[in-house]
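Written below as structure tokens is the structure these notes are about.
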Amino acid sequence: MKTWFFFIDGLGIAPDPSPDNPFADCKGSFLWNLMHGPVPDGWYSYPVDACLGVEGLPQSGTGQISLLTGINAARKLGHHHGPFPHTSQRKWLVDDSIATDCNRSERSWDLLNVYPAAYFQSLHARKIRLSTFGFLQTLNGKALHPMESLQTGIGFPPVLDFQPLQRFGFHFNIDFPHGSAQRLIDQFSRIDFGITEYFELDYFGHRQDRAQLVRCFQTISTFLETLASLPGAPAILISSDHGNAESLSTNGHTRHPVPMIMNFSPPFVPSSITDLRVLLNHSLSK
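In this note's numbering, the protein residues as written are 46 to 331.
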């Protein structure tokens, strides 16, 4: 079954009610219900552990490695590590990850994110580093998609909407949410498995920007509800690496559980972010 993994950086599940949770402003929305209930028909949602049995605050490096490989990366290191993957663990993305499984089973896959020219310039100048998902793509011999690739129908905006791309000089007559959702569906004519890395919630969570967090949450919610309603949509699995955006009480990460949400019946009840790889393979094999 064609499958989309929607990775949302920094999305934890705060206790409800919580005055520090900006997403309480979105109660009753599709995404809120997926996370807090009532869960919409045909969906399955579980709070899962992102702390991995290790003291301290979860970090993106070990969290994302754990998601993609099913290996407890923090326990292997003895501590949480981030925001980038530890050099000793990057090889797992080639040798022992969901990408490894797809490569061995001859399932086509792709990191769908597109990047502006300035991103590649900063990478070349070593001003920034690749995320774990960027390493997953490049270490497996795949190129990151420049924003120009959207003009030929390849790739998808990580912010889910084409209109914000105008500030980079790209103008698309693609409405939100229906047009955007259809463009995501179109990606699966060339691949079996697609990944989107969504980073805005974590970005605005660190800045404790309530208005932007609410905007992002509503955008995600609207997009997901629309996507799931369209014919030809892939199976959807949503998760995160750690909490952050769900609490304005801190500008750092939290030890809250994170969601593991899917619109297919799982073979077991997930309890940890390390369960993601098995769930993805289950969906892809159906």
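Backbone N, C-alpha and C define an ideal beta-carbon position, used for all residues, glycine too.
8 angstroms Cβ cutoff met for residue i and residue j
i: Val93; j: Pro315; result: yes
i: Pro191; j: Thr48; result: no
i: Gln104; j: Pro130; result: no
i: Phe52; j: Ile306; result: no
i: Glu291; j: Ala95; result: no
i: Val303; j: Gly115; result: no
i: Phe262; j: Leu97; result: no
i: Met195; j: Phe215; result: In the sequence as displayed, the identity of residue 195 is Leu instead of Met. Yes, these two residues count as a Cβ contact at 8 angstroms.
i: Leu293; j: Asp65; result: yes
6 angstroms CB neighbourhood of residue i in its chain, flanking five on each side removed
i: Gln109; result: Thr177, Asp286
i: Lys331; result: Met46
i: Phe309; result: Ala280, Ser328
Nearest-angstrom beta carbon gap, residue j and residue i [assumed within contact, 8 angstroms]
i: Phe50; j: Arg152; result: In fact, because the Cβ distance is near 13 angstroms, the residues do not count as touching under 8 angstroms.
i: Leu184; j: Arg135; result: 7 angstroms
i: Gly57; j: Thr295; result: At roughly 11 angstroms, the Cβ-Cβ gap does not stay under 8 angstroms, so Gly57 and Thr295 are not in contact.
i: Met222; j: Thr271; result: Strictly speaking, residue 222 in this sequence is Pro, with Met absent from that position. Indeed, because the Cβ distance is near 4 angstroms, the residues count as touching under 8 angstroms.
i: Ile281; j: Ala273; result: 7 angstroms
i: Leu138; j: Leu113; result: 6 angstroms
Residue i classed as buried or exposed, judged by whether at least 16 other C-beta atoms fall within 10 angstroms
i: Ser328; result: buried
i: Met80; result: buried
i: His126; result: buried
i: Glu100; result: exposed
i: Arg228; result: buried
i: Gln211; result: exposed
i: Pro67; result: buried
i: Thr319; result: buried
Spatial neighbours of residue i in its chain, beta-carbon cut-off 7 angstroms, leaving aside the 5 residues before and after
i: Leu122; result: Thr107, His131
i: Ile199; result: His190
Cβ shell of residue i (< 8 angstroms), same chain only, five flanking positions each side left out
i: Gln257; result: Glu245, Phe249
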